[in-house]
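J.:
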Amino acid sequence: MSPFLQLDGLVKRFDGTLAVDRVSLALERGEMLALLGPSGSGKTTTLRLLAGFESPDAGRVLVDGEDVTGVEPVARRFGMVFQHYALFPHLDVGANVAFGLESLGVRGAELDRRVAEALALVDLTGFERRRIGQLSGGQQQRVALARALAPEPKVLLLDEPLSNLDPSLRERTRHELRELIRRLGITTVLVTHEQEEAFDLGDRVAVLRQGRLEQVGTPDELYAEPANLFVGGFVGRSSVVPAMVLGPADAGNEVRVAIEGVEWHLEGVGAAAAGPAELLLRPEALRFGPEGPGALPVTVLASRFVGPGALFATATETGVTIEVMAPVRSVEPGARAAIMPSRRAGGGIHLYPAGA
Amino acid sequence: MIRRGAAKLTAGVLLVLLLWLVVYPLVLVLLDGVHGPSGWTLEHVREFLARPTEWRALWGSLWISLASVVLAAAVGIPLAVLFSRYDLPGARLLGGLVALPAVLPPLVGVIAFLFLYGETGFVSLLLMKLLRLRDPPWRLEGAGAILLVHAYSMYVYFYLFVRAGLAALDGAQLEAAASLGAGRWRTLWRVVVPQLRPALMGAALLTFMTSLASFSAPYIFGGGFRVMTTQIVSTRLNGENELAMVETVSLTILALLALLLLRETAPAAERGGGRKGAAPARIPIRRPAMRWAMTALAWLLVVILLLPHLTLLLVSFVPVGTWTTEPVPPAYTIHNYIALLRDPVRVRPLVNSLWLATAATVAAVAIGLAGALVAARRRGRLGRVIEGLLALPWAVPGTVFAIALATAFSVRAPWVGRIILVGTLWILPLAYLVRNLPITSRAILAGARALDPALDEAAGSLGAGRWRTLRQVTLPLLRPALLAGGSLAFVTAFGDFVTSILLYTYDTRPVSLEILSSLRSADVGVAAAYGVVLMIVSGSVFALGAERPDRGGPAG
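So the protein sequences, as listed, match chains D and B. Going letter by letter, the first sequence gives residues 17 to 372 in my numbering. Going letter by letter, the second sequence gives residues 23 to 578 in my numbering.
1) Going by C-alpha to C-alpha distance, which of D:296, D:133 and D:195 sits closest to residue 168 (chain D)?
2) Looking at chain D, is there any beta carbon in it that lies within less than 8 Å of the beta carbon of residue 498 (chain B)?
3) How is residue 51 (chain D) classed by DSSP in three states: helix, strand or coil?
4) Compare the C-alpha of residue 93 (chain B) against each of B:180, B:248, B:468 and B:501 and name the closest.
5) Any residues in the segment 469-488 of chain B with a beta carbon nearer than 8 Å to a beta carbon of chain D? Which ones, in chain order?
6) Can you give the Cα-Cα distance for residue 31 (chain B) and residue 253 (chain D), rounded to whole angstroms?
7) Is there a Cβ of chain B sitting closer than 8 Å to that of residue 119 (chain D), yes or no?
8) For the beta strand (DSSP E) that residue 24 (chain D) lies in, which residues bound it at each end?
9) Measuring alpha carbon to alpha carbon, tell me which of B:166, B:70, B:143 and B:467 ends up nearest residue 246 (chain B).
10) Determine the DSSP secondary structure at residue 433 (chain B), reduced to helix, strand or coil.
11) Give the residues from the segment 45-59 of chain B that approach chain D closer than 7 Å (Cβ to any Cβ), ordered along the chain.
12) Could you please tell me which residues of the segment 414-427 of chain B, in chain order, have their CB closer than 8 Å to any CB of chain D?
13) Taking CB distances under 8 Å as the criterion, tell me whether residue 27 (chain D) reaches chain B.
14) Which chain B residues are close to residue 94 (chain D), counting only those with a beta carbon under 9 Å from its beta carbon?
15) Helix, strand or coil, according to DSSP, for residue 305 (chain B) in the structure here?
16) Using a Cβ-Cβ distance under 8 Å, would residue 495 (chain B) count as near chain D?
17) For a quick check, are the C-beta atoms of residue 340 (chain B) and residue 351 (chain B) less than 8 Å apart?
18) Per DSSP, what kind of secondary structure is residue 102 (chain D) in: helix, strand or coil?
19) Could you pull out every unbroken beta strand (DSSP E) segment of at least 3 residues lying fully inside the segment 53-97 of chain D, listed in chain order?
20) Count the CB pairs spanning the segment 492-502 of chain B and the segment 453-460 of chain B that are closer than 8 Å, and state whether there are at least three.
21) Please decide whether residue 209 (chain D) counts as near chain B, where near means a Cβ-Cβ distance under 8 Å.
22) Output the distance between the C-alpha atoms of residue 29 (chain D) and residue 405 (chain B), rounded to the nearest integer angstrom.
23) By Cβ distance below 7 Å, which residues in the same chain neighbour residue 285 (chain D) in space, the five residues on each side in sequence not counted?
24) Quick check on DSSP: helix, strand or coil for residue 327 (chain D)?
25) Nearest chain E C-beta to residue 183 (chain D) closer than 8 Å, yes or no?
26) On the criterion of 16 or more Cβ atoms from any shown chain inside 10 Å, does residue 177 (chain B) qualify as buried, or is it exposed?
27) Which residue marks the beginning of the beta strand (DSSP E) containing residue 211 (chain D), and which one marks its end?
28) Please tell me whether residue 107 (chain B) and residue 188 (chain B) are closer than 8 Å, where the distance is taken between their beta carbons.
29) In chain order, which alpha helix (DSSP H) runs of at least 4 residues are fully inside the segment 352-412 of chain B?
30) For residue 25 (chain D), which residues from the same chain have a beta carbon less than 8 Å from its beta carbon, with the 5 sequence-adjacent residues on both sides left out?
31) Let me see if you follow: with CB-CB separation under 8 Å, is residue 132 (chain D) close to chain B or not?
32) Can you tell me where the alpha helix (DSSP H) holding residue 175 (chain D) begins and where it ends?
33) First and last residue of the beta strand (DSSP E) that includes residue 121 (chain B)?
34) With DSSP run on the structure shown, which of helix, strand or coil describes residue 145 (chain D)?
35) Would residue 69 (chain D) pass as an interface residue toward chain B - the criterion being a Cβ-Cβ separation below 8 Å?
36) Against chain B, with Cβ distances strictly below 8 Å, would residue 284 (chain D) count as a contact?
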């Protein structure tokens, strides 16, 4: 089956700088994709290219096999929820939601019925005659969603939909948003700079950096198999340590890696050409242990309680900081300790060629 | 970027229209000054440079304008602080009343001063009676009289700008300064004044340009004292047209130089990083005696500032020829107002001013709207050029523009864009239109810039085309800005004197000219009645334009 929504080699320059650099993505019908990246990574521009507010310098957007690159936003039938909602302040809630339906020629009782339906979807039944200024931030966000959904768009675009909400509201709204979109089965692209939001809402997550697509995958794929240091660092907690690959070990698929002169034997960590490299270490892939061969001496700087255990910040002799997840009070801040891969390693440690 | 073609076309048409109406007439004036019947010549320029009277008029314009800035600031700033920082009983009402000189069109303000402080005005007559003087204690004439009127009519700029600046301050900043150990004076100098600088510079610029272009006060009170605006009109009446062109050019250059100089030194408004808190609370006055004294002072100031309005109202009820030497008019009648409504000769100027101002306002709002939408949405050079052209007439005194339009549109030469409008119905609305473009488009542009561009995109993504978006989203949201811009345009045009005196015909004579002729035939009651009508219409239209949107604030 061919994908429902396809971004094919999109390129966009602003005053000579590349904002979006050959981004290609494909979504199945009903799939929800999160575009994740730091500010300036091109995720919002990608969304605006999809919506038609910007036209790409190269590349195409296809919906159901049909090229819509040259189609104006007015005719594209993509629903969009804007970061600051862009609700029309002079119109009441009902008129805002009716706006897109009127464009389709819906009138009279049919219009009222569909406005009411859309408001019911976001749990705002009976809010038709409220003024926008009377609504709380969370209610405004839901009106924006109802307005985008009412004309039954082919694709729903969400630009940082939760960023303007109080943190206390954000998680609940996120769950509601996810349930609603799943239930409607609408193909959705979402822009966010928060990993948690992307992981919770996206069936798949596309990580962008400086306009380029770094990796696309399900949340667990991104966490378990980050394609590079950037993705590994952006997704989940990790420490990066310079290392030297010495070569294959005698036994099995293990690789011998030296960190500040201490030799670790690691399995299933990726590229293993001898030479300088960088190690990405998840805190849960490390443990404290007795000093001896294979134990990296560190100083414990601080600890932070995080529920199932504590996160310990440590520093090696050359000053590289490494985070370790361990039972509470395993070591005391200020003490000397030694760290090594935990026995259940096999995930959580990744090797990348230096300078990548 | 969407709907590129239509936007480009609008911008192009607008550019041509503005070049034709704003730039072209000024260029023609410049050319006429250096072009005689026998070809190019610098004769008129030499003549201008050689005459001491010309230099005196230019110097007069300059120093009167500078002095007006100082005086207007000296009156307006303390008033703004008094009425917006101190907690006086009725401070809000008094603060509003103090802004009322703004509803007096320039000529009306001048005649009100004449009735009040002139040789046969209330105050002079009262003093003569009290002190048993045989002659009036002063003559309301010359530079002093001009400055008095300027200070009175222009302090409002400083008052309103500083008041807005004070209201825009964050009260928490003052508290922060106090918690950091800064006393009242240090807070004033280090926190308040620096943030008021843009407001002060803006008011100074506005006052300077307005008094440089001022015509009514020098025309009525100048006597032997000439400034360049009155000099131009008298040179033209003498028939020395080419010399008048050179004078016009000299005044334009002075205005543009001042604008450039002040623009350079004016700091850009700095935007704070965080969110703005509430405006600072008013300072309570605790000692009862002090509170009484300040309240009494505030009322006294308000009464003094409103005396011209009251005078005008009183004189408008004086029957013709009955008030000569008494300090207070002996008889009253409403006949003057009845004449305004019944006598066809008296009704005509009112009707004229109404339709002339309405036509000019509609056109100014339409052009201002198109210009604002182009300039707000296009960051390119074209947008900036159009914004500049819309603002240009502001820097050029009204007298200059009247002369320029009279020059450009008195020749029939359609192939170079010149048609005959002088002597027709259309020259006055055109002149009002050009003069009003800057204030109207500025108000609308400010509104357009404040609109969230995402609203347009939201309408687009909901399938609304260009017209539906304009009609249902952009125009309703711009309503306050359109009303504000339109009311400013209407008030200016309705009371206009400076361009009208050079361009009117008997059939299109506006109210201001009728006031002047009533005054000359010593019919002060009718002149005042016209003045009251102008004042009330201006005030009502201002009130309409200041309508605040009572609807929900913008989202997000």
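Ideal Cβ placement from N, Cα and C applies to all residues, glycine included.
T.: According to the structure shown:
1) D:133
2) yes
3) strand
4) B:180
5) 474, 476, 477, 479, 480, 481, 482, 483, 484, 485, 486 and 487
6) 54 Å
7) yes
8) 21-30
9) B:166
10) coil
11) none
12) none
13) no
14) 483
15) strand
16) yes
17) yes
18) coil
19) 74-79 and 94-97
20) no
21) no
22) 22 Å
23) 271, 365, 366 and 367
24) strand
25) Going by chain labels, chain E is absent from the structure shown, which instead holds the protein chains D and B.
26) buried
27) No beta strand (DSSP E) contains residue 211 (chain D), which is instead part of the alpha helix (DSSP H) from 211-217.
28) yes
29) 357-364 and 366-399
30) 38, 39, 40, 74, 75 and 76
31) no
32) Unbroken run through residue 175 (chain D) is the beta strand (DSSP E), 171-175; no alpha helix (DSSP H).
33) Run containing residue 121 (chain B): none; DSSP gives neither H nor E here.
34) coil
35) yes
36) no
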